[in-house]
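Asker:
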Amino acid sequence: MTKKLYGVLFAGLLLSFTTGCSRQKNTADSSSSGKTATATEAKSKLSGDLVIWAWGADQEAKAREKAIKIFIAEHPELHITYSIIPTANSAWDQKASAALAAGTGPDVIQMSPDYFGMNTKYYRDLRPYVKADGVDLNTVLVKGMLDGYYDTDGKLEGFPLLANCFCLAYNKDMFDKAGVPYPTNGWTFEDLLKWGKAFVGGTGVNKTYAMAKHWVTNNVMAYAGGGTPYSDDLKTSHFDSREMLKGLELYQKLVQGGYVPTDAAQETMDASTLFISGKAATYFIGGMDAGDTITDAEENGINLGFCTMPCGVSDGKEINIQFATGWAVTTTAKNPDAAWQFLKESAYANDDMAKATCGSGMTSNKSVAESYYENMVYGKCRFSNKIFVDHMGITHINPFGGTLSPAGDIWATMISAVTDDNQNAAAAQAEYAPRVEKEFQNFSFNTARGGN
Amino acid sequence: MKNKKNKLNKKWSDIKNFYIYISPWLIYLIVLIVYPMIKSFILCFTDSDFGGKGNFIGLANFVKAFQEDPLFFKVFRNTLWYVVLFVPASLVLSFFIGWLLSRKIHGRGFFRTVFYLPYITAGVAVTMLWGWIFNGDYGLINYILSLLGIPGPHWLTDKRIAMVSIVIMCLWSIGNSILIMLSGIQDIPASYYENARLDGASTFRQIFSITIPLCTPSIFFNLIIGVIGAFQIFNQPYILTKGGPVDSTRTVSMYLFSNAFEYGKMGYASTIAWCLFVIIMLVTILIQSSSKKWVFYDN
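One line per chain: the protein sequences are D and G, in this order.
With positions in the first sequence counted from 1, the corresponding number in this note's numbering is that position plus 28.
With positions in the second sequence counted from 1, the corresponding number in this note's numbering is that position plus 1075.
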């Protein structure tokens, strides 16, 4: 009987090991004696444990880890645990949300302003902390990087870490060969329809395009007609507007005219590869991949030029999309004071931390962004990040993240209807715009109505 | 009396031992299958987000699914279309290839390996490769067609054939079904074929009168597994087409996934999951009850 019991226990243990989940974990008791004025102040007030969760992989995760190690070294009074949870296959969303709901989440959790309030009930309002510090955030944060962290009801649910926006890169050689003048600031997609024709040609593997279809293109086209996809307070969908119709029509012309590849074509050869292999004349280059793309393009002998993102057809406003990540303090945080200290130093109060993240995006730390980050230069063309710093203030937060991703999927279907299925743009708008309107009515920040 | 008591004790001991031996699997079943099923059923009646907590909303999710959400029926239609295309094709193809592999041919071992290999290759990598093969501009298929002077279709961007492309891709990896068919065919006693040959039956007649009828248990198994798997198709359309063009390849599993993990609508996602479960259950019961008429077992 005892042998049988041991056998069953062993089998049970084996079963529990095979169903364990994976998680990288870094735990550090800081031992460095490095101090800054901020750390000295904080040292007298802070103590205890601080648990930080973040997502990601590759460059971004490494950059963030470097920044956190600096914080750990400067705060020996805190016992800090930093965990990275992979983002692939929605692993982050599931684990983070389950932990938040169960109350077992960390003190500080990574988040993004384009969640649009998805997890807001789990985050503390940071306005009291900001008020207590008495710092004018406009003087310490890059313009445009804090706005997205405010809820529609005014709650400051997170604090910025870094962000990226875009500019247009173009292949000077292709323009010279086609005899087309280089694009200049203020260009629109209607301009692209005129000068882009010269780059459309070839068949099969030799096909060339005016523009590679970057993954941000769908977002950009939502503003291409001159309007916005929804109101700033997220209460009203503009998908049935003339401006959205204009954007849809432009997109249809671009894809069906061969200026831009179809989705299927772009799936099998990504946009940056298309550009750096000289098959697309232009490409939306983001702060997150500027260095790599420029290096690869120049290795292929491509001479690069740069200008700003396109402008809306009817309003002439530059269309630029911001992808940002930040931190939030959870409502279940056991050490909210230490958590807030971490958020502050990540955002603006620790220049060393800010510099550590500059490799993967623009830091929210204004002084570091306007000096160290801005002066980072890539390639023989000496491209600098100044263009991103100068234009961050006019960016739109990624319009189709988090709570608004159903609207984004419907927008993608509308695009597919007109570009793949050759449907009339007005008919497609008439069919799908009401669905977006319905989604807006159901969003938690717009209604207390039942159902998801 | 003592004997009776001993017998009773032994019986209880046997029962106890039985449950002890199956307890790991039973714990697994209860904790990882039954409990989540019950929990997800409860979620159907709530507006839960990722974290699984939400307010009770009655049948609102079902009302949304059946009356308000046009995509709900579309994804079920798409999935049914995939099942109707894929399952019969996979049965016919796996039977035919299994039959070929049962023949005495040179390199039989090699061919068996070749046909089974796609089944064990990494799904995501293979799917991405098929994306290249199907590419309308520079894919392999359209290139070969161009050599024959035939303009290739837009395999993945034409809503009329995008799902067909996915079926073709999935038919490439039916190695497991082939193996099951092969073992079923090999189980048929050779004496049946010998007698049939003596009676002058052609190969064609032997297949239809001997092989297929006696292979019906394997066909039945493949049919059930195929239908259950086909209704849950996810990887291939998710990677190849992301549900496009125009939602023509968006399947129930994809829609469920989007609602659960992208939109944070766990309650509605659970509703979709349970609707899918009911449909799979009904179809399986239908096939099961029909099996009495067409599945022949030796015993």
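The beta-carbon is built from N, C-alpha and C at its ideal position, and this holds for glycine as well.
Note that the structure is a prediction, hence the values are computed from the model and not measured.
Quick check: the region 1254-1266 of chain G against the region 1287-1304 of chain G, are at least 3 beta-carbon pairs closer than 8 Å?
Answerer: They touch, by the three-pair rule.
Asker: Are any of the Cβ atoms in chain G nearer than 9 Å to that of T68 (chain D)?
Answerer: Because the pLDDT at T68 (chain D) is just 49, under 50, the model does not fix this residue reliably, and the point stays unresolved.
Asker: Which residues mark the beginning and the end of the alpha helix (DSSP H) in which H419 (chain D) is found?
Answerer: Where H419 (chain D) is concerned, the enclosing alpha helix (DSSP H) stretches over 414-419.
Asker: Just by C-beta distance, which residues in the region 192-221 of chain D are closer than 9 Å to chain G?
Answerer: If the cut-off is 9 Å between Cβ atoms, the region 192-221 of chain D has nothing near chain G.
Asker: Can you check the region 124-188 of chain D for any beta strand (DSSP E) of at least 3 residues that lies completely inside it and give the ranges in chain order?
Answerer: Complete beta strand (DSSP E) runs here, min 3: 136-139.
Asker: Counting only beta-carbon separations shorter than 9 Å, does T463 (chain D) have a partner in chain G?
Answerer: Note on identity: in this sequence residue 463 (chain D) is Arg, with Thr being the wrong assignment. Closer than 9 Å: yes.
Asker: Which stretch, first to last residue, makes up the alpha helix (DSSP H) that contains T1346 (chain G)?
Answerer: Residues 1341-1369.
Asker: Quick one, are the C-beta atoms of A309 (chain D) and T236 (chain D) less than 9 Å apart?
Answerer: Yes.
Asker: I need the DSSP call for M272 (chain D), collapsed to helix, strand or coil.
Answerer: Reduced to three states, the DSSP call for M272 (chain D) is helix.
Asker: Measuring CB to CB, does L1351 (chain G) end up less than 9 Å from F1306 (chain G)?
Answerer: It is a contact, given that the beta carbons lie within the stated cut-off.
Asker: Here's a check: name, in chain order, each residue in its chain whose Cβ is nearer than 6 Å to the Cβ of N1345 (chain G), leaving out the five neighbours to either side.
Answerer: In the sequence as presented, Asn is not what sits at residue 1345 (chain G); that position holds Ser. Answer for S1345 (chain G): S1115, L1118, C1119, listed in chain order.
Asker: Could you check the C-alpha separation between E467 (chain D) and D437 (chain D) for me, to the nearest Å?
Answerer: If you take the alpha carbons of E467 (chain D) and D437 (chain D), they lie about 11 Å apart.
Asker: Indicate, with yes or no, if the ligand NAD has a heavy atom lying under 8 Å from the CB of G275 (chain D).
Answerer: Of ligands this structure carries none, so the ligand NAD is not represented either.
Asker: Is there at least one Cβ from chain D nearer than 9 Å to Y1110 (chain G)'s Cβ?
Answerer: False, the Cβ-Cβ gap to chain D never drops below 9 Å.
Asker: Using a Cβ-Cβ cut-off of 9 Å, state whether K94 (chain D) counts as contacting chain G.
Answerer: It does not; no Cβ of chain G falls within 9 Å.
Asker: Report the partner residues of Y406 (chain D) according to the DSSP bridge assignment.
Answerer: Answer is D:F411, bridged to Y406 (chain D).
Asker: On the DSSP bridge assignment, give the partners of Y311 (chain D) in chain order.
Answerer: Paired residues: D:A197.
Asker: Name the residue from D:M139, D:I113, D:K94, D:Q122 whose alpha carbon lies nearest to the alpha carbon of G354 (chain D).
Answerer: When only C-alpha atoms are compared, the closest one is D:M139.
Asker: Can you give me the C-alpha to C-alpha distance between K1234 (chain G) and E459 (chain D), rounded to a whole angstrom?
Answerer: Approximately 17 Å, taken between the alpha carbons.
Asker: Is there at least one Cβ from chain G nearer than 9 Å to L154 (chain D)'s Cβ?
Answerer: So no, L154 (chain D) is outside the interface.
Asker: Is the separation between the beta-carbon of F267 (chain D) and that of Y279 (chain D) shorter than 9 Å?
Answerer: No, Cβ-Cβ distance for F267 (chain D) and Y279 (chain D) is not below 9 Å.
Asker: Can you name the start and end residues of the alpha helix (DSSP H) that W223 (chain D) belongs to?
Answerer: Looking at the DSSP string, the run of the alpha helix (DSSP H) that includes W223 (chain D) is 217-223.
Asker: Please classify I422 (chain D): does DSSP put it in a helix, a strand, or coil?
Answerer: Residue state, collapsed to three classes: helix.
Asker: If you run the structure through DSSP and keep just helix, strand and coil, what is G1301 (chain G)?
Answerer: Three-state DSSP puts G1301 (chain G) in a helix.
Asker: Which residues in chain D sit within 7 Å of T1202 (chain G), going by Cβ to Cβ distance?
Answerer: Those within 7 Å of T1202 (chain G) in chain D number zero; the least Cβ separation is about 11 Å.
Asker: Does any residue of chain D bring its CB to less than 9 Å from the CB of K1317 (chain G)?
Answerer: Yes, K1317 (chain G) lies at the interface with chain D (some Cβ there is under 9 Å from its Cβ).
Asker: Which residues does DSSP list as the beta-bridge partners of M390 (chain D)?
Answerer: DSSP, once it has assigned bridges, lists D:A191 as partnering M390 (chain D).
Asker: Report the rounded CA-to-CA distance for F1332 (chain G) versus G1198 (chain G), giving the unit in angstroms.
Answerer: Approximately 18 Å between the Cα atoms of the pair.
Asker: State the Cα-Cα distance for the pair F1371 (chain G) and I1285 (chain G), rounded to the nearest angstrom.
Answerer: About 11 Å.
Asker: Grab the span of the alpha helix (DSSP H) containing Y251 (chain D) for me, first residue to last.
Answerer: From DSSP, the alpha helix (DSSP H) with Y251 (chain D) extends over 245-252.
Asker: Excluding sequence positions up to five away, which residues of its chain have a Cβ less than 7 Å from the Cβ of D201 (chain D)?
Answerer: Result list for D201 (chain D): I330, N331, in chain order.
Asker: Going by beta carbon distance, what residues of the same chain come within less than 7 Å of H1229 (chain G), once the five residues before and after it are set aside?
Answerer: So the qualifying residues of the chain are G1211.
Asker: Taking only beta-carbon atoms, is L1231 (chain G) less than 9 Å away from chain D?
Answerer: Interface residue, yes.
Asker: With distances taken between CB atoms, is the gap from S75 (chain D) to E102 (chain D) smaller than 9 Å?
Answerer: No; because the gap between Cβ atoms is not below 9 Å, this pair is not in contact.
Asker: Please report the Cβ distance between R152 (chain D) and V357 (chain D), rounded to the nearest whole angstrom; I am assuming they are in contact, meaning their Cβ atoms lie under 8 Å.
Answerer: Contact flag correct, Cβ pair sits at about 4 Å.
Asker: List, in chain order, every chain G residue whose beta-carbon is nearer than 7 Å to that of E295 (chain D).
Answerer: Within chain G, the residues near E295 (chain D) are G1206.
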